[in-house]
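Peer 1:
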Amino acid sequence: MATRFLLAFAICRLIVTVGLTLDPTELLRLEVEGVLSVEPADLGAASRDFGGMQNAEPLAVLHPGSAEDVARLIKAAYESGQGFTVSARGHGHSIKGQATTANGVVVQMSGSTKVAPPRVSEKFMYVDVWGGELWVDVLSSTLKYGLAPKSWTDYLYLSVGGTLSNAGISGQAFNHGPQISNIYELDVVTGKGELLTCTPKQNSELYHAVLGGLGQFGIITRARIALEKAPHRVRWIRVLYSNFSAFTQDQEYLISLHGQPATKKFDYVEGFVIVDEGLINNWRSSFFSPGNPVKISSLNADGGVLYCLEITKNYQESNSNAIDEEVGALLKKLNFIPSSEFTTDLPYVDFLDRVHKAELKLQSKNLWDVPHPWLNLFVPKSRIGDFDKGVFKGILGNKTSGPILIYPMNKKKWVAKSSTVTPDEDIFYLVAFLRSALDNGDETRTLNHLTNQNNRILRFCSDAGIKAKQYLPHYTTQQQWMDHFGDKWTLFSKRKLEFDPKNILATGQRIFTPFFNPSAPLL
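Residue numbers (mature numbering (1 follows the signal peptide of the UniProt record, and there is no 0)): -21 to -1, 1 to 502.
Given below as structure tokens:
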């Protein structure tokens, strides 16, 4: 009774605050298999995200027990006059409140115990999973059959629907493409409350819209993910460069081998930038041995900056005798600093879950739940050298506040019809500034300093004519979104009008104004 009273109060508050014509009894009558909650703990959790920079408390939180629950909620929003907004939330790893809503209901997709568990098809090499399933649990379910998804993110505690709504990238993307390139089928609830199955051939417009669609066209309730035979172990190698051109030439050479037999290529290609000796053994680069520390000053770093190439070779225990020869042949073709090679072998699962182990260490020191002013950019290959000079050797100085990833990808491995936006070149780089803001007396690590530095990086790209695209984008005006999507904007807005005509979904992205035509200006 108390919960129903609180829910009625929340709905009345929505009507008064936003001026809607919603009948409070509509949500009260909503029959769901899960739980529609207005408990303070649920509202508080749904108001925050990993970024830690923006809060927006919803009026209610739905913990769905099925895809039909999600459909009932959105249909109620769609049919209730001007309605209310609905945002899907997975593990809450958005950066600037993209999964929040202050004027509606958050659908908490992850953590439900009532939805169907992953279902693996050994014969057809795929797994069907709930949209809120975390990738770490997907892996656990497929490894029972000796199988694993082909493409990953660096961090496994993200939801399937969340990463597919962006792209889902890691060091395997050069070879298999991002996660959105490895999806056979989706179940999606549109902004009209329709639950549809879509594939590249069935409801194909919705399929391509949702992949990389930032949650604008529907909520993913099921994904059919391509699998491959899971390797047992990983040879993990890091080598250092003092010359940026040599570093990028080697990275580009390695991703050019994507079509070669498995024995003649690496399985994972990433890299990171080291502008601060204090970071060389930080949470991401703890791979280096404390007993054999690396000093930037001792390696004649170009402009005081080092570059680390990170590569892996997967193998089965039955093939362990051949791994040394295969890796050795590939390394001979690279131009890294000879004395800088660091190698380790570990189980495949441990490699994939490497960041979570570091997370636990930071949590124990109260250094994980802090603001994260991350900036992720796709930079065209033709301008990556200019970016290095202007940012790595310029704007950053000799201090940063977290890892800086850099690695190239092949555009041909991406789904061209998806909503994701990439530079208009065959090869482009991810450059990810994964910083943490700390209030420890160091001005260079404050949220204000790092945010200003991100803005300087974006202005540098604009002034220099570097046509970079944000990954996990955030903008505050619709004109900025139009510039971001470029030639795709017309299609993007057309799809919005078709699948979410009342602009109910994912309003935290701030692309479209709720309840108005997609062509209307953003408030």
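Virtual Cβ for every residue (Gly too), placed ideally from N, Cα, C.
On a predicted model such as this, the values are computed, not experimentally measured, just so you know.
Tell me which residues share the same chain as Trp353 and place their Cβ nearer than 6 Å to its Cβ, disregarding the 5 neighbours each side in the sequence.
Peer 2: These residues qualify, in order along the chain: Ile74 and Leu413.
Peer 1: Can you tell me which of the three DSSP states His211 falls into?
Peer 2: DSSP places His211 in coil when its eight states are reduced to three.
Peer 1: Can you give the Cα-Cα distance for Thr322 and Arg217, rounded to whole angstroms?
Peer 2: When rounded, the distance between both Cα atoms is 7 Å.
Peer 1: Helix or strand or just coil, what does DSSP make of Leu193?
Peer 2: Leu193 falls in the coil class under three-state DSSP.
Peer 1: If you draw a straight line from the alpha carbon of Ile234 to that of Leu409, how long is it in whole angstroms?
Peer 2: So the alpha carbons of these two residues sit roughly 13 Å apart.
Peer 1: Run the CB neighbour count on Glu249, radius 10 Å, all protein chains shown included, and call it buried at 16 or more, exposed below.
Peer 2: So Glu249 counts as buried.
Peer 1: Hey, is the stretch 287 to 298 in contact with the stretch 202 to 218, meaning 3+ C-beta pairs nearer than 8 Å?
Peer 2: Flag = yes, the stretch 287 to 298 and the stretch 202 to 218 touch.
Peer 1: In this structure, how does DSSP classify Asn298 when only helix, strand and coil are distinguished?
Peer 2: In this structure, Asn298 counts as helix in the three-state DSSP scheme.
Peer 1: What number of angstroms, rounded off, separates the C-alpha of Leu1 from the C-alpha of Ile198?
Peer 2: The predicted position of Leu1 is uncertain, since its pLDDT is 48 and thus under 50; no value can be drawn from it.
Peer 1: Pick helix, strand or coil for Met461, following the three-state DSSP scheme.
Peer 2: DSSP places Met461 in helix when its eight states are reduced to three.
Peer 1: Please name the residue, chosen from Ile490, Thr121, Val17 and Pro493, that lies closest to Pro210 on a Cα-to-Cα basis.
Peer 2: Per the Cα distances, Thr121.
Peer 1: Compute the beta-carbon to beta-carbon distance between Tyr136 and Leu113, rounded to the nearest angstrom, for a pair I have assumed lies under 8 Å.
Peer 2: Indeed they touch by this definition, with Cβ atoms about 6 Å apart.
Peer 1: Determine the contact status of Ala46 and Thr200, defining contact as a CB-CB distance below 8 Å.
Peer 2: Yes; because the gap between Cβ atoms is below 8 Å, this pair is in contact.
Peer 1: From Ser397 to Gly420, what distance separates their C-alpha atoms?
Peer 2: Each residue's Cα considered, the two are about 44 Å apart.
Peer 1: Just to check, is the beta-carbon of Leu426 closer than 7 Å to a non-hydrogen atom of the ligand ADP?
Peer 2: Inclusion of the ligand ADP in the displayed structure is not the case, the ligand content being empty and no account of it being possible.
Peer 1: So Val189 and Ala50 are supposed to be a Cβ contact under 8 Å. How far apart are they, rounded?
Peer 2: Going by Cβ atoms, the distance from Val189 to Ala50 rounds to 15 Å, so no, they are not a contact pair.
Peer 1: Counting only runs that start and end within the stretch 108 to 148, where is the alpha helix (DSSP H) found for 4 or more residues in a row?
Peer 2: Taking only runs of at least 4 residues, the alpha helix (DSSP H) segments lying wholly in the stretch 108 to 148 are 114 to 122 and 139 to 143.
Peer 1: Check whether the stretch 327 to 346 and the stretch 382 to 400 are in contact - that is, three or more C-beta pairs closer than 8 Å.
Peer 2: They do not touch, by the three-pair rule.
Peer 1: Taking Leu22 as part of the beta strand (DSSP E), name the residues at either end of that continuous run.
Peer 2: From DSSP, Leu22 is part of no beta strand (DSSP E) but of the alpha helix (DSSP H) over Pro19 to Ala25.
Peer 1: Closer than 7 Å by C-beta to Ser318: which residues in its own chain qualify, once you throw out the five before and the five after it? Chain order, please.
Peer 2: If we look at Ser318 and ignore the five residues flanking it on each side, it has no Cβ neighbours.
Peer 1: Give the straight-line distance between the Cα atoms of Ser297 and Pro326, rounded to the nearest whole angstrom.
Peer 2: Taking the straight line joining both Cα atoms gives about 14 Å.
Peer 1: Quick one: is Thr132 buried, meaning 16 or more other Cβ sit within 10 Å of its Cβ, or exposed?
Peer 2: Buried, by the Cβ-count rule.
Peer 1: In terms of residues, what are the limits of the alpha helix (DSSP H) holding Gly250?
Peer 2: That residue, Gly250, is in no alpha helix (DSSP H); its beta strand (DSSP E) goes Tyr247 to Ile253.
Peer 1: Between Ala443 and Gly376, how many whole angstroms is the CB-CB distance? I'm expecting something under 8 Å.
Peer 2: That pair is no contact at about 18 Å.
Peer 1: Please work out which residues of its chain come closer than 8 Å, Cβ to Cβ, to Ile302, disregarding the five sequence neighbours upstream and downstream, and give them in chain order.
Peer 2: So the list reads Arg214, Lys292 and Tyr294, once near-sequence residues are dropped.
Peer 1: How many Å lie between Val11 and Lys54 at the Cα?
Peer 2: So the alpha carbons of these two residues sit roughly 13 Å apart.
Peer 1: Cα separation between Ala35 and Leu22?
Peer 2: So the alpha carbons of these two residues sit roughly 9 Å apart.
Peer 1: Is it true that the CB of Trp109 sits closer than 8 Å to the CB of Ala95?
Peer 2: Yes.
Peer 1: Measuring alpha carbon to alpha carbon, tell me which residue in Ala308, Asn314, Glu304 and Phe251 is nearest Cys287.
Peer 2: Measuring from the Cα of Cys287, the nearest candidate turns out to be Phe251.
Peer 1: Leaving out the 5 sequence neighbours to the left and right, which residues in its chain are closer than 6 Å to Val358 when beta-carbon positions are compared?
Peer 2: For Val358, where only same-chain residues beyond five positions count, the Cβ hits under 6 Å are Phe366, Tyr408, Val410 and Ala447.
Peer 1: Can you check DSSP and say which residues form a bridge with Ile204?
Peer 2: In DSSP, Ile204 forms a bridge with Val106 and Ile162.
Peer 1: Helix, strand or coil: which one does DSSP assign to Asp2?
Peer 2: Any reading at Asp2 is ruled out, since the residue's pLDDT is 45, under 50, leaving its predicted position unreliable.
Peer 1: Tell whether a beta-carbon distance below 8 Å holds between Ser66 and Thr80.
Peer 2: Yes, they are a contact pair.
Peer 1: Who are the near neighbours of Ile374 in its chain, counting only those whose CB is closer than 7 Å to its CB and skipping five residues on each side?
Peer 2: These residues qualify, in order along the chain: Gln432, Arg435, Ile436 and Phe439.
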